[in-house]
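What follows is a short report on a single structure.
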Amino acid sequence: MTDADTLLYLDGVTVTFDGFRALNALSLVMTKGEMRAVIGPNGAGKTTMMDVITGKTRPDTGKVVFDRDTDLTRLDEPAIAALGIGRKFQKPTVFEPHTVWDNLLLALEGDRGPRFSLFARETAAERRRIEAILETTRLMDHRHKRGADLSHGQKQWLEIGMLLAQEPQLLLVDEPVAGMTDAETEQTAVLLQEINRTRSVVVVEHDMAFVRALGVKVTVLHEGAVLSEGSIDFVSDDPKVIEVYLGR
Amino acid sequence: MKLDRTSCVALVAVIGSAVVLALLNQLTAPGSAVHVPTYVVALAGKYLCFAMLAVSVDLVWGFAGILSLGHAAFFALGGYAMGMYLMRQIGTRGVYGNATLPDFMVFLGWKQLPWYWHGFEWFGFAMLMAVLVPALLALVFGWLAFRSRVTGVYLSIITQALTYALLLAFFRNDMGFGGNNGLTDFKDIVGFNVQADSTRSALLVISALLLGGQLWLARCVVDSRFGKILIAVRDAESRTRFLGYRPESYKLVVWVLSAAMAGVGGALYVPQVGIINPSEFAPGNSIEAVIWVAVGGRGTLVGAILGAILVNFGKTWFTGALPEMWLYALGAMFVFVTLFLPRGVVGLFRGRQQKEPEIEAPAVAAAHEVTG
Chain A
1035 MTDADTLLYL DGVTVTFDGF RALNALSLVM TKGEMRAVIG PNGAGKTTMM DVITGKTRPD
1095 TGKVVFDRDT DLTRLDEPAI AALGIGRKFQ KPTVFEPHTV WDNLLLALEG DRGPRFSLFA
1155 RETAAERRRI EAILETTRLM DHRHKRGADL SHGQKQWLEI GMLLAQEPQL LLVDEPVAGM
1215 TDAETEQTAV LLQEINRTRS VVVVEHDMAF VRALGVKVTV LHEGAVLSEG SIDFVSDDPK
1275 VIEVYLGR
Chain B
9 MKLDRTSCVA LVAVIGSAVV LALLNQLTAP GSAVHVPTYV VALAGKYLCF AMLAVSVDLV
69 WGFAGILSLG HAAFFALGGY AMGMYLMRQI GTRGVYGNAT LPDFMVFLGW KQLPWYWHGF
129 EWFGFAMLMA VLVPALLALV FGWLAFRSRV TGVYLSIITQ ALTYALLLAF FRNDMGFGGN
189 NGLTDFKDIV GFNVQADSTR SALLVISALL LGGQLWLARC VVDSRFGKIL IAVRDAESRT
249 RFLGYRPESY KLVVWVLSAA MAGVGGALYV PQVGIINPSE FAPGNSIEAV IWVAVGGRGT
309 LVGAILGAIL VNFGKTWFTG ALPEMWLYAL GAMFVFVTLF LPRGVVGLFR GRQQKEPEIE
369 APAVAAAHEV TG
């Protein structure tokens, strides 16, 4: 692996909340185009790791480097989003009073300034982009529905659609299949694989069947640090992992 | 930009009734059955100025989730700018007959006009200041507050502090704004006698036109993509950050616009009531403005106008009939609206026609903002 292939590089990242070490010298390397699954018991630091990458939480020590030389610890959330890092939250948060269409419109990559948005008109190119995403996320029939009127699964998909609209290089997806039916879970795995053809993805998930279906490299976090890393079969046979999950 | 039907109806109703009232005042004899007395014209004009304040409050509260409890400060600042112009128009007709200095300055023994009073003899300059001064104050205040991510109850409290600080400042004679008494005894506005029936009628119609203009402007803003982002910020501020938006810039733009709109309302209010004094900065005034919006229907703009007119009509009637009961009535109205009309009076009409996006009951929303 050369430097040029590295998309995201966390080095010795430590985050402390009131003396509790949420991340303990966490190091992680992701290459361009990779999809990575991150698993771990509750409190392992999965969400905190996402918070650090997206600028919500500033680490006490450590480096977070994106795309070779951008230090993410110096930037705030909108600046990091503008660099091409998108995030889907555990609890789906779409803009409830807005239609599916408008939700995607607001997420579309483009000028984020108030001056632009005051006079912006929907262009044909924007419409085509939104229609393409509606197709991918199977929400075409629901485009006029308000966010609040969608089912839980549809909200999750809309949020993934909004991520796509941002055209990020890296997607951080927090528990995308929580609360989904088996069929929806399966479709979501296919969708993420489709997305991964052009973008890098980090998936945080509890659902082991889903992680297995993704068939990607797995990082196991425990107490804020990497416990094990490798294929799903490798980590599930790792005695350290077995001990953490089943041992006590 | 095209307006929705409700706004069109409101626009026509406001401007239409103002014109009818003005014409009935001007064209019919005082004894006639259809004659509208001048005090009614002045009262209607006052309501419309309050409606401008209400629209500006609704713009920030209803669409950006900023519960401002200090908006009357911007209204009063606009009023003071107009008051300063009107003072300079008095000239030698004041008690002391001083051509340059307003009476209160002569009384205080001042020898020359303070620097910040220069230029206010020109109507255009004064009107520019009526918009710019509130906008500038809002810009500085908003830039500091929104950049530091001050929201909810903390923001509401500092807006109260802002208006209270201005109240105390304007009470001081040294400020040069007439202290406790404020500015009054106006004679002329752009060459017309402020007391005359015809001037009062004209001011009413101008107020209606400007209110209509503000409604149109506010509608354009909230219907634009900017407005959609604003609503997104209202409902899920941190989510908009991860989409790459800077909520603070959006809030700042709408906050400054809203302050300027409130300033216009204040500027028109002063010639119609004949006085501006520091009590306009009283924290209670700003809270009352929030109640107008809640009564009419938060986040509807038209509701803000309706609420301002209805509540102030009630206030005029109540303070005449049962003066000591007014505050109880106001409180009861707020509780009633919160419990039974969560979307205000406008919600009554809308509920049946279409399913509107649910807006939280004003009090619930206010409570959320208060508890964060």
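Chains as they are written, first to last, in the numbering used here: chain A, 1035 to 1282; chain B, 9 to 380. In this text, a Cβ means the ideal position worked out from N, Cα and C, and glycines have one as well.
- With 16 other CB atoms within 10 Å as the buried threshold, where does Ala154 (chain B) fall? A small fix is needed here, since residue 154 (chain B) is Phe in this sequence, not Ala. Per the 10 Å Cβ criterion, buried.
- Query: Which runs of the alpha helix (DSSP H) spanning at least 4 residues fall entirely within the segment 266-307 of chain B, listed in chain order?
  - Reply: 291-304
- Span of the beta strand (DSSP E), counted from its first residue to its last, around Thr327 (chain B): Premise fails: Thr327 (chain B) lies in the alpha helix (DSSP H), 310-329, not in any beta strand (DSSP E).
- Message: My output table needs one value for Asp1145 (chain A): the three-state DSSP class, helix, strand or coil.
- Response: coil
- Query: So, using beta-carbon positions, are Gly29 (chain B) and Val49 (chain B) closer together than 7 Å?
  - Reply: In the sequence as presented, Gly is not what sits at residue 29 (chain B); that position holds Leu. Yes; because the gap between Cβ atoms is below 7 Å, this pair is in contact.
- Query: Straight-line CA distance for Lys1125 (chain A) to Ile197 (chain B)?
  - Reply: 59 Å
- Message: Using the three-state DSSP reduction, which class does Phe1129 (chain A) fall into: helix, strand or coil?
- Response: coil
- Query: Under a three-way DSSP split, which group does Val1211 (chain A) fall into?
  - Reply: coil
- Starting from Asp1136 (chain A), find everything on chain B with Cβ-Cβ shorter than 8 Å and list it in chain order. Lys236
- Return the chain-ordered list of same chain residues with a C-beta closer than 7 Å to the C-beta of Thr1088 (chain A), the five sequence neighbours on each side being excluded. Glu1111, Ile1114, Ile1119, Arg1121, Leu1206
- Query: So is Glu1209 (chain A) in contact with chain B if we call contact Cβ pairs under 7 Å?
  - Reply: no
- Query: Cα-Cα, which of B:Ala59, B:Thr248, B:Lys10, B:Arg249 is closest to Phe321 (chain B)?
  - Reply: B:Ala59
- Message: Please tell me whether Val2 (chain B) and Ala146 (chain B) are closer than 7 Å, where the distance is taken between their beta carbons.
- Response: Nothing in the structure corresponds to residue 2 (chain B), since chain B is present only between 9 and 380.
- Using a Cβ-Cβ distance under 7 Å, would Ala244 (chain B) count as near chain A? yes
- Query: Of all the CB atoms in chain A, is at least one closer than 7 Å to the CB of Arg249 (chain B)?
  - Reply: yes
- Just the chain A side, please: which residues come within less than 7 Å of Ser64 (chain B) by C-beta, in chain order? In chain order: nothing, as chain A lies at least about 17 Å away.
- Item | Distance between beta carbons of Lys1179 (chain A) and Thr1133 (chain A), contact taken as under 8 Å | 6 Å
- According to a CB-to-CB cut-off of less than 9 Å, which residues of the segment 252-272 of chain B neighbour chain A? Gly252, Tyr253, Arg254, Pro255, Ser257, Tyr258, Leu260, Val261, Val262
- Helix, strand or coil for Lys1122 (chain A), going by three-state DSSP, please let me know. strand
- Message: When you compare the CB of Pro1112 (chain A) with every CB in chain B, is at least one pair closer than 7 Å?
- Response: yes
- Query: Relative to the C-alpha of Ala134 (chain B), which residue among B:Tyr93, B:Leu116, B:Pro122, B:Gly186 is closest?
  - Reply: B:Tyr93
- Query: Which of helix, strand or coil does DSSP assign to Thr171 (chain B)?
  - Reply: helix
- Message: I'd like to confirm the pairing. Which residues does DSSP put opposite Thr201 (chain B) in its beta bridges?
- Response: Here residue 201 (chain B) is Asn; the residue named in the question, Thr, does not match the sequence. The partner list for Asn201 (chain B) (beta bridge, DSSP) reads B:Asp196.
- Residues that DSSP places opposite Asp1052 (chain A) in a beta bridge: None, per the DSSP bridge assignment.
- Using a beta-carbon distance below 7 Å, is Ser209 (chain B) in contact with chain A? no
- Ordered along the chain, which non-local residues of its own chain (more than five positions away) have a Cβ less than 6 Å from that of Gln1200 (chain A)? Gly1120, Ala1141, Glu1143
- Message: At the 7 Å Cβ level, is Leu1173 (chain A) part of the contact set with chain B, yes or no?
- Response: no
- Query: For Gly233 (chain B) and chain A, any beta-carbon pair shorter than 7 Å?
  - Reply: The sequence shown places Arg at residue 233 (chain B), not Gly. Taking Cβ atoms only, chain A reaches closer than 7 Å to Arg233 (chain B), which makes this a yes.
- Item | Cβ pair count under 8 Å reaching 3, the segment 106-116 of chain B against the segment 207-221 of chain B | no
- Query: Going by DSSP, which residues form a beta bridge with Glu1263 (chain A)?
  - Reply: A:Thr1253
- Item | Rounded separation between Ser40 (chain B) and Asn33 (chain B) - CA only | 10 Å
- Item | Contact check, Ser294 (chain B) vs Leu77 (chain B), beta carbons under 7 Å | yes
- Query: Phe178 (chain B): which of B:Gly252, B:Leu67, B:Ala312, B:Gly187 sits nearest, CA to CA?
  - Reply: B:Gly187
- Limits of the unbroken beta strand (DSSP E) element including Arg1070 (chain A): 1069-1073
- From the beta carbon of Phe1129 (chain A), is the nearest beta carbon of chain B less than 7 Å away? yes
- Please decide whether Arg1163 (chain A) counts as near chain B, where near means a Cβ-Cβ distance under 7 Å. no
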